[in-house]
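Q: This structure is in structure tokens; I'll ask about it shortly.
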Amino acid sequence: MRIGVIFPQTEIGADPLGVRDYAQAAEALGYDHLLAYDHVLGANPARRPGWKPPYTHKDQFHEIFVLFGYLAGMTKKIELVTGIVILPQRQTVLVAKQAAAVDILSRGRLRLGIGIGWNDVEYEALGENFHNRGRRSEEQIEVLRALWTRELVTFAGKRHRITEAGLNPLPVQKPIPIWFGGSAEPVI
Numbered sequence: 062m063r064i065g066v067i068f069p070q071t072e073i074g075a076d077p078l079g080v081r082d083y084a085q086a087a088e089a090l091g092y093d094h095l096l097a098y099d100h101v102l103g104a105n106p107a108r109r110p111g112w113k114p115p116y117t118h119k120d121q122f123h124e125i126f127v128l129f130g131y132l133a134g135m136t137k138k139i140e141l142v143t144g145i146v147i148l149p150q151r152q153t154v155l156v157a158k159q160a161a162a163v164d165i166l167s168r169g170r171l172r173l174g175i176g177i178g179w180n181d182v183e184y185e186a187l188g189e190n191f192h193n194r195g196r197r198s199e200e201q202i203e204v205l206r207a208l209w210t211r212e213l214v215t216f217a218g219k220r221h222r223i224t225e226a227g228l229n230p231l232p233v234q235k236p237i238p239i240w241f242g243g244s245a246e247p248v249i
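The sequence shown: position 23 = 84 (the numbering used here), numbered continuously.
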């Protein structure tokens with residue numbers, strides 16, 4: 062059995078020493094993985110009648126790849142798990158590069174949990190379509206896996222075009238494990 066711990070994104074604050082101490086304590090206590098949530102923006106619920114999110118604009122969220130890049134150098138064995146990266150609101154090639162960098166810095170300890178998200182506020186602010194997010198993620202996964210496993214990639218999809226280009230350096234894990242999270246019917 063493997064047991065992990067959730068990084069207290071909204072409670073821990075912005076002190077880098079507190080962030081470091083939490084991760085190192087989790088590792089010292091023998092946890093197998095540290096899972097962190099991903100959100101770019103929180104909205105003001107007073108401006109959105111009936112909206113009852115688990116977090117708002119007052120809750121802190123560390124950017125997940127920056128956080129894990131920092132923790133990769135502060136820990137030795139604990140697995141770093143995104144729970145979940147909201148993939149369709151991000152640029153796929155950039156996610157591939159960021160995840161590869163974290164995987165390298167952590168010596169192969171990244172597990173990429175992905176999902177489609179529920180917060181339309183983030184999609185709007187990031188200039189992405191909230192309504193086709195499920196369909197977009199399928200192609201994104203194909204692109205991620207290609208970029209993580211091949212020196213050069215040529216890909217022509219509905220939303221991605223790559224011509225004889227690749228990431229360098231490639232991640233330690235080829236490919237980085239992708240886990241799916243969510244509660245919407247298309248995800249399950």
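Using N, Cα and C, we set each Cβ at its ideal position, and we do this for glycine too.
A quick note: this is a predicted structure, and the numbers were derived from the prediction, not measured.
So Phe68 and Ala97 are in contact, right, with Cβ under 8 Å, and what is the actual spacing, rounded?
A: As a first step, residue 68 must be located in the sequence shown, where it is residue number 7. As a first step, residue 97 must be located in the sequence shown, where it is residue number 36. The Cβ separation is near 4 Å, so the contact holds.
Q: According to the neighbour-count rule (16 or more other Cβ atoms, all chains shown, within 10 Å of its Cβ), is Trp240 buried or exposed?
A: For the purposes of this step, residue 240 is identified with residue 179 of the sequence shown, where counting begins at 1. So Trp240 counts as exposed.
Q: Between which residues of its own chain and Gly218 is the CB-CB distance below 8 Å, once the five residues before and five after are set aside?
A: Against the sequence shown, residue 218 aligns to sequence position 157. Cβ neighbours of Gly218 beyond the five flanking positions: Glu200, Glu203, Val204.
Q: Rounded to whole angstroms, what is the Cα-Cα separation between Gln70 and Gly130?
A: For this step, residue 70 is matched to residue 9 along the sequence shown. For this step, residue 130 is matched to residue 69 along the sequence shown. The straight-line gap from Cα to Cα measures roughly 16 Å.
Q: DSSP three-state label for Thr143, please.
A: Stepping through the sequence shown from its first residue, residue 143 is reached at position 82. Note: Thr143 maps to strand in three-state DSSP.
Q: At what residues does the beta strand (DSSP E) containing Gly79 begin and finish?
A: In the sequence shown, counting from the first residue as 1, residue 79 sits at position 18. Going by DSSP, Gly79 is part of no beta strand (DSSP E) but of the alpha helix (DSSP H) stretching over 77 to 89.
Q: Classify His100: buried if its beta carbon has 16 or more other beta carbons within 10 angstroms, exposed otherwise.
A: Mapped onto the sequence shown, residue 100 falls at position 39. By the neighbour-count rule (16 or more Cβ atoms within 10 Å), His100 is buried.
Q: Assign Ala186 to one of two classes, buried (16 or more other C-beta atoms within 10 Å of its C-beta) or exposed (fewer than that).
A: Sequence index remark: in the sequence shown, residue 186 carries index 125 (1-based). Counting Cβ neighbours within 10 Å, Ala186 comes out exposed, since fewer than 16 surround it.
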